Amino acid sequence: MSTPARRRPARPRRTPEPPGTTDAGPTDDAPAAAPGDRPASTTGGTLRRSPSRSRPAGSAAGAAPGGEAATTASDVDGRINDGQPEQGAGGAASAGVEEVTDPGRVPPADAGAPPDAAVTPSAGPDAADAGEPAREPLPEDRFLNRELSWLDFNARVLTLAEDPRTPLLERAKFLAIFASNLDEFYMVRVAGLKRRLSAGLPVRGGDRMPLRTQLDLIVEKTAGLAARHASCFVDDVQPKLAAEDIHLLGWADLGDPERERLRTYFREQIFPVLTPLAVDPAHPFPYISGRSLNLAVTVRDPHGGAELFARVKVPNNVPRFVRVCRDLPGVRFLPVEELISVHLGQLFSGMQVVECHPFRVTRNAELEVDEDRDEDLLQALERELARRRFGPPVRLEVAASISDHMLELLVRELDMAATDVLRVRGLLDLSALWQLYGEADRPDLKDPPFVPATHPRLTEGEVPRSVFATLRDGDVLVHHPYHSFATSVQRFVEQAAADPNVLAIKQTLYRTSGDSPIVDALVDAAEAGKQVVVLVELKARFDEVANIGWARTLERAGCHVVYGLVGLKTHCKTALVVRQEGNQIRRYCHIGTGNYHPKTARLYEDFGVLTADPEIGADLTDLFNVLTGYSRQTTYRRLLVAPQGIRRGLIERIEREITHTRLGAPGLVQIKVNSLVDEEVTDALYRASQAGVHVDLIIRGMCTLRPGVPGLSENIRVRSILGRFLEHSRIFRFGNDGAAEFWMGSADLMHRNLDRRVEALVQVSDPIARAELDHVLTAAMSPEVDAFELAADGTWSRRQGVPDTPPQHLQELLLRRVGGTAG
């Protein structure tokens with residue numbers, strides 16, 4: 001690294017001892033704890049509630065002091081997510097757990113209300129209140145399998161591609177998203193299952209499905225989805241594109257002038273970078289890089305001799321689809337692998353080409369870094385990234401036309417099983433359809449364009465007003481992509497960098513763009529003499545290389561760069577600005593659900609709150625001290641922070657709804673997240689449903705909870721909303737007997753998020769912001785809105801509004817509400 005004097009990671013990253021008793025919960029490297037095995041909560045803070053109400057006759061005993069019934073106290077990821085690739089899939093890596101925070105004191109929805117009675121700790125969601133009969137154990141089959149649930153999510157993406165009402169090029173886009181999602185699922189989740197099976201590690205997950213059974217069901221389900229995927233493209237989308245004069249052609253479809261142009265292109269642009277690799281006693285089977293497109297070729301000497309195998313790698317630095325002719329109407333492409341295949345005679349001069357088939361390998365993409373051993377995490381990650389490309393293969397995709405003997409050779413040389421093979425009809429790797437989507441200038445075949453609106457509070461008048469002056473008048477809740485990232489969050493950081501009264505900027509960076517204006521602003525601030533602290537998460541999956549580069553850029557500019565806590569990913573989205581105003585210091589904050597990434601902010605649905613609230617400012621100061629120093633902070637005023645704090649804090653609030661319901665008030669829990677996998681939170685929701693609490697869940701991806709089971713979850717509804725934008729926000733609402741609480745932040749309800757990441761949820765108290773969150777949650781559950789619904793048996797069905805009424809799309813409703821304009 002440059003500037004050794006600032007090399008924060010040169011010393012070992014710390015592993016502080018957790019203060020007090022921990023509640024780590026199940027991790028991904030150990031069997032999940034059985035419900036009821038969770039240790040007693042050690043929250044130690046207060047959970048403010050609505051005023052006391054009289055207990056109805058016949059209700060449960062066990063009142064807390066003051067006349068209230070005692071309430072009990074208790075990571076997609078992804079992509080995708082994710083992890084989901086960013087369009088969906090997720091994954092997890094094993095890591096240690098340390099206690100970072102505790103839910104602490106939580107103010108009521110009405111910021112002016114006084115604190116109420118302290119929460120009484122309990123043994124968890126299965127414990128009975130005093131005076132109640134012991135609770136019946138929850139059924140053992142109450143959890144769906146997370147891997148199959150993820151495949152169901154990708155099936156919903158495929159449904160959008162199959163829907164004839166989706167604009168045609170958007171259908172091609174969804175086919176590309178499906179393909180890239182499935183790649184990451186195999187690279188992370190399937191690879192992890194195979195590793196656990198080969199190592200003899202125990203089964204994890206609430207459904208307790210054996211690893212071998214999971215892998216067998218994944219193979220079966222993936223084969224069906226892949227067949228649907230190929231059929232959608234070959235039989236439906238590709239012919240309809242051709243009808244719109246957008247052609248994916250074969251060599252036989254071209255005329256002589258087009259062929260001559262392509263021969264010249266091949267000779268000048270492609271042939272020089274091709275390297276045929278023979279396989280014989282003098283040439284071992286070549287290494288096949290992950291996700292590369294290859295040609296398996298058999299040749300023989302026309303004058304006699306055995307057939308010989310060779311591999312030709314399709315270069316990844318040339319377009320997958322070669323533009324045939326720009327002089328003719330429409331758009332005409334030829335797949336580059338077909339262009340290579342018809343010119344193989346130039347690569348194997350004097351030989352006869354017997355057969356040629358494309359194939360593709362997916363490899364394990366997990367990183368293994370011993371953070372306790374490695375003093376320099378950045379260098380350790382660089383070493384591991386170099387090794388990742390040599391991960392074991394987990395999937396082999398081949399053309400459906402491949403011969404049995406050639407397939408047998410590939411399987412043998414790659415040391416794979418027959419169940420790892422996927423025969424594909426049509427083109428391999430349809431993620432390349434993104435190129436088609438981008439190069440086809442046909443706005444009539446895409447979603448209507450829009451320009452994100454500037455938030456009304458941030459609109460500049462004749463006399464420009466700083467973001468800081470606006471925030472002194474109240475919080476601003478921005479909803480991306482409907483609200484512009486550039487005129488809100490980006491402007492907040494840029495104005496902080498340029499403001500001479502700003503003393504310090506502290507920021508977390510998990511993912512950002514290749515030409516990040518956020519990084520540019522932080523560099524400007526450091527060069528202007530401000531104190532700039534940036535926590536760069538080096539372990540952000542598939543962004544490791546980019547983040548290593550950003551860390552070095554920021555260090556060279558004079559920023560203090562840190563990498564977080566040993567064994568934990570820092571996933572929270574937080575920024576803190578410290579400003580001198582007269583003789584006082586004021587803190588301005590941003591806490592969001594999405595990354596500081598201006599490009600994905602136009603594609604992902606996320607919330608962020610900009611605020612000058614002193615309590616939130618104090619909380620973020622404490623949190624950054626935990627992340628950069630040796631602070632043992634365990635209580636926060638307006639934040640829930642993982643690990644430790646979020647799971648406990650959410651379960652406490654769910655149990656509070658149970659108490660209100662038993663006292664005669666309507667209980668309500670509404671949650672919008674990317675994934676719900678955590679067993680403890682799920683069991684708390686089951687208990688809430690059994691008590692009569694109404695539970696609405698809006699889950700984009702994995703959901704292992706079974707809704708609608710009589711006696712268990714008949715009061716739970718689960719919906720999934722997909723559309724042109726990737727639903728990415730995490731919102732939580734608790735009815736609280738009319739004094740509703742709203743929370744938002746970075747955490748999904750997964751083991752990785754709650755146990756092995758630093759995540760932050762912030763309580764939203766501004767009335768206008770609360771009303772906006774309420775509107776989104778209410779609209780998402782409306783029967784008129786197009787959504788997928790989960791049944792008790794684990795199947796998803798699409799609900800497209802009420803009968804005889806055109807379906808309403810939530811994202812279109814929000815576009816009209818916020819006022820994004822066509823552009």
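The sequence shown lines up with residues 1 to 823 when you count with full-length UniProt numbering. Backbone N, C-alpha and C define an ideal beta-carbon position, used for all residues, glycine too. Note that the coordinates shown come from a computational prediction; the quantities given were computed from them, not determined experimentally.
Got a sec? Which residues, its chain only, sit under 7 Å from residue i by beta carbon, not counting five neighbours each side?
i    : result
S341 : L295, C356
I646 : L640, A747, L754, E759, L761
V157 : G88, F174, I177, F178, N181, L722
G558 : A526, E527
R171 : A161, V237
V818 : A453, H479, Y482, H483
L813 : A779
H303 : none
A769 : D475, L477, V609
E714 : S689, G708
Near residue i, what residues of its chain come up, given a Cβ to Cβ distance below 6 Å and the 5 sequence neighbours on each side ignored?
i    : result
F143 : G206, D207, T704
L308 : V299
V493 : I518, A521
P125 : Bear in mind that the predicted position of P125 carries a pLDDT of just 42, short of 50, making it unreliable; the figure below should be weighed with that in mind. D683, A684, R687, listed in sequence order.
H343 : F266
N145 : D207, M209
R53  : Bear in mind that a pLDDT of 35 at R53, under 50, signals an unreliable position, so the number given afterwards is only what the model happens to contain. Answer for R53: L663, listed in chain order.
G112 : Low confidence applies here, because G112 scores a pLDDT of 36, under 50, leaving its location unreliable; read the following figure in that light. Once the five neighbours on either side are set aside, G112 has no close Cβ partner at all.
D804 : none
Check the C-beta distance from residue i over to residue j and give it rounded, since I have them as a contact under 8 Å.
i    : j    : result
Q531 : L503 : 7 Å
A191 : V394 : 5 Å
A399 : L428 : 7 Å
D737 : H660 : 5 Å
A691 : R662 : 6 Å
L554 : K506 : Incorrect: roughly 13 Å between the Cβ atoms, too far for contact.
Can you tell which of the options has its C-alpha closest to the C-alpha of residue i?
i    : options                : result
N674 : G608, A747, V693       : A747
R653 : F742, R730, L620       : F742
L620 : C589, N595, G224, L610 : C589
H751 : S720, R412, P643       : P643
R511 : V545, Q435, E147, P707 : V545
E338 : R412, V297, A497, R326 : V297
L148 : M351, E260, L217, R204 : L217
V695 : G711, K313, F734, G255 : F734
S720 : L726, R700, P286       : R700
R261 : G200, C325, S198, Q490 : C325
R412 : P286, F450, E460       : P286
Using DSSP with H/G/I as helix, E/B as strand and the rest coil, what is residue i?
i           : result
F309        : strand
F321        : strand
F468        : helix
S484        : coil
A227        : helix
F725        : coil
D520        : helix
T42         : Bear in mind that a pLDDT of 33 at T42, under 50, signals an unreliable position, so the number given afterwards is only what the model happens to contain. Reduced to three states, the DSSP call for T42 is coil.
D473        : coil
Q808        : strand
E338        : helix
residue 851 : Look at the range of the chain in this structure, 1 to 823, and you will see that residue 851 is not part of it.
Q214        : helix
H357        : strand
residue 838 : The structure shown does not extend to residue 838, since the chain is modelled only from 1 through 823, so no value can be given for it.
N364        : coil
Strictly by DSSP, which residues pair up with residue i?
i    : result
G608 : V478, G592
F333 : L248, R323
P276 : V312
M744 : I731, V762
F492 : Paired residues: none, contrary to the question.
E797 : One detail in the question is off: residue 797 reads as Ser in this sequence, not Glu. In DSSP, S797 forms a bridge with E789.
S720 : F788
C436 : What sits at residue 436 in the sequence shown is Leu, not Cys. Per DSSP, none; premise fails for L436.
C703 : L676
L293 : R360
Compare the C-beta of residue i against all C-beta atoms of chain B and say whether one is closer than 8 Å.
i    : result
A684 : Absent from the structure is chain B; it holds one protein chain and no more.
Please go through the same chain and pick out, in chain order, the residues whose beta-carbon is closer than 8 Å to the beta-carbon of residue i, but skip the five residues on each side of it.
i    : result
L777 : Q670, K672, D696, I698, I731, R733
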